[in-house]
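Presented below is the structure to which this report refers.
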Amino acid sequence: MEIEYIWGVLAVIAVLFILIFGNSIPKHGSVTEGDVIVALKSGHKVRAIKYYRSVHGVSLKEAKDAIEKLTSKNKTCPELRAK
Numbered sequence: 023m024e025i026e027y028i029w030g031v032l033a034v035i036a037v038l039f040i041l042i043f044g045n046s047i048p049k050h051g052s053v054t055e056g057d058v059i060v061a062l063k064s065g066h067k068v069r070a071i072k073y074y075r076s077v078h079g080v081s082l083k084e085a086k087d088a089i090e091k092l093t094s095k096n097k098t099c100p101e102l103r104a105k
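All residue numbers for the sequence shown refer to this note's numbering, where the first residue is 23 and numbers rise by one.
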């Protein structure tokens, strides 16, 4: 009886964790160009590269080069520069 209670509590904790933190990263296929910009502004360059690949369907190298170009040479939006 005690084990069922513990498993029930763990299940509730797992569900709450998924509900709270599950929406912080967009699901596959629902990533937009806006998510790339948000990731860059937050300083998450690797995540931005991953999102860029998902949005544009390019290789890792192409996505990395595009993000590097955005962060290092962006004159109009300095907050996107690498931190």
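Just so it is clear, CB atoms sit at the ideal spot from N, CA and C, and this is done for glycine as well.
*Given LEU92 as reference, the closest of ASP57, LEU62 and LEU32 once Cα atoms are compared*: LEU62
*Please list, in chain order, all residues of the same chain as GLU55 whose beta carbon is under 7 Å from its beta carbon, the five residues on each side excluded.*
Around GLU55: VAL77.
_Boundaries of the alpha helix (DSSP H) in which HIS78 is found, first to last residue_ = Per DSSP, HIS78 belongs to the alpha helix (DSSP H) from 67-78.
*Under 8 Å, do LYS86 and ILE71 count as touching if we go by C-beta distance?*
yes
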